[in-house]
Each structure stands twice: as structure tokens, then as C-alpha cells.
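Colleague: In our numbering, the protein residues as written are 61 to 196.
#1: Assuming residue 117 contacts residue 86 under a Cβ cut-off of 8 Å, what Cβ separation, rounded to an integer in Å, is found between them?
#2: Got a sec, what are the start and stop residues for the alpha helix (DSSP H) residue 138 sits in?
#3: So, residue 113 versus residue 103, is the Cβ gap smaller than 9 Å?
#4: Restricting to Cα atoms, I'd like to know which of 193, 72, 186, 105 is closest to residue 163.
#5: So residue 125 is in the beta strand (DSSP E); what residue range does that whole segment cover?
#6: With distances taken Cα to Cα, identify the nearest neighbour of residue 124 among 109, 88, 73.
#7: Got a sec? Which residues, its chain only, sit under 6 Å from residue 171 by beta carbon, not counting five neighbours each side?
#8: Mind checking residue 84: buried by the 16 CB within 10 Å criterion, or exposed?
#9: If you reduce the DSSP assignment to three classes, tell me which class residue 144 lands in.
#10: Could you tell me whether the Cβ atoms of residue 195 and residue 167 are closer together than 9 Å?
#11: Would a C-beta distance cut-off of 9 Å place residue 122 and residue 159 closer than the cut-off?
#12: For residue 152, is the classification buried or exposed, using 16 other Cβ atoms within 10 angstroms of its Cβ as the cut-off for buried?
#13: With distances taken Cα to Cα, identify the nearest neighbour of residue 75 among 179, 142, 185.
Written as C-alpha cells, this is what we have:
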């Protein structure tokens, strides 16, 4: 049985939605997928019944701020400041070099922090837009 270590993970992003590039200095990412349930219980039933409904996701990515300019990192952390976002930004969240989760999404927040004696961090939050593909 293979186990995957956190240091094998990575994040790729492209605001144009075409060719995602690596986000430098990523230290963590998370994604939560949720499926709504629709109540199909008939009158007179003695037990509730449900079917699956719409699927949505939300997550975050933590990275060390490096002010790099040769990749998508600055675009990624500044994308929260885009008003009329079409939700077409491409995200790829990697468990290792090949196993990934892909989706289009919208960046909903960016938390910038600086602490004396520590490297500056940025925590970016996002939601999925449309289908999520699990290639894991």
C-alpha cells in the first residue's frame, strides 16, 4: 500500500484557464467537496429517502510569499482583486507528480500575514465552478 506525503503535493493555476503553471513555495492545500441531498420522502413514509444533488467545492492554499514573477504565483494571490471574474481560472491540486484534482474556480479571499522572525505567508481561498475531475 502506497502512502503519500504532504511534501509531494503541489498547486498549479492559470487565470486564463488554459495552461496551469506551478505556484511557487506552496506549503499546504485543502479541498472540500460537498454534495447536496434532495428529499424524496413520500407522504405516509415512515423513513426519509434522499437522492444526490448538486456538487460544489471550496478550499484553500497556503504559500510562502516570495514575490516571484516568472510563474503564476503573483497572479494567483492577486486574483482576489478581480471584480468581474468569469470563474474560468484553471486549478490543478496534486497529491504527487501525477495524481491530481482539476477544476475551474474563483478565488474568494486572500489572507496576507507578516510576523517578526517568520517568513511571510499568504492563504488563498477558492470555490469550484462546474465539474471537478478526480484523477487520483
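We put the CB at the ideal spot given by N, CA and C, even for glycine.
Modeller: Looking at the atomic coordinates:
#1: Here residue 117 refers to the residue found at position 57 when the chain shown is read from its first residue. Here residue 86 refers to the residue found at position 26 when the chain shown is read from its first residue. At roughly 18 Å, the Cβ-Cβ gap does not stay under 8 Å, so residue 117 and residue 86 are not in contact.
#2: Indexing the chain shown from 1 puts residue 138 at position 78. Element bounds for residue 138: 133 to 138.
#3: Sequence index remark: in the chain shown, residue 113 carries index 53 (1-based). Sequence index remark: in the chain shown, residue 103 carries index 43 (1-based). No, these two residues do not count as a Cβ contact at 9 Å.
#4: As a working mapping, residue 163 is identified with position 103 in the chain shown. For residue 163, the nearest C-alpha among the options comes from 193.
#5: Counting from 1 along the chain shown, the entry for residue 125 is found at position 65. First-last for residue 125: undefined, no H or E at that position.
#6: Stepping through the chain shown from its first residue, residue 124 is reached at position 64. Closest option to residue 124, Cα to Cα, is 88.
#7: By 1-based counting over the chain shown, the position of residue 171 is 111. Closer than 6 Å at Cβ, skipping near neighbours: 183.
#8: Position 24 of the chain shown holds residue 84. Buried, because 16 or more other Cβ atoms sit within 10 Å of the Cβ of residue 84.
#9: In the chain shown, counting from the first residue as 1, residue 144 sits at position 84. Of the three classes helix, strand and coil, the one that applies to residue 144 here is coil, per DSSP.
#10: For this step, residue 195 is matched to residue 135 along the chain shown. For this step, residue 167 is matched to residue 107 along the chain shown. No; because the gap between Cβ atoms is not below 9 Å, this pair is not in contact.
#11: Taking the first residue of the chain shown as 1, we reach residue 122 at position 62. Taking the first residue of the chain shown as 1, we reach residue 159 at position 99. Not in contact: residue 122 and residue 159 (Cβ atoms no closer than 9 Å).
#12: In the chain shown, residue 152 corresponds to position 92, counting from 1. Burial call: buried.
#13: The sequence position of residue 75 within the chain shown is 15, counting from 1. Out of 179, 142, 185, 142 has the C-alpha closest to the C-alpha of residue 75.
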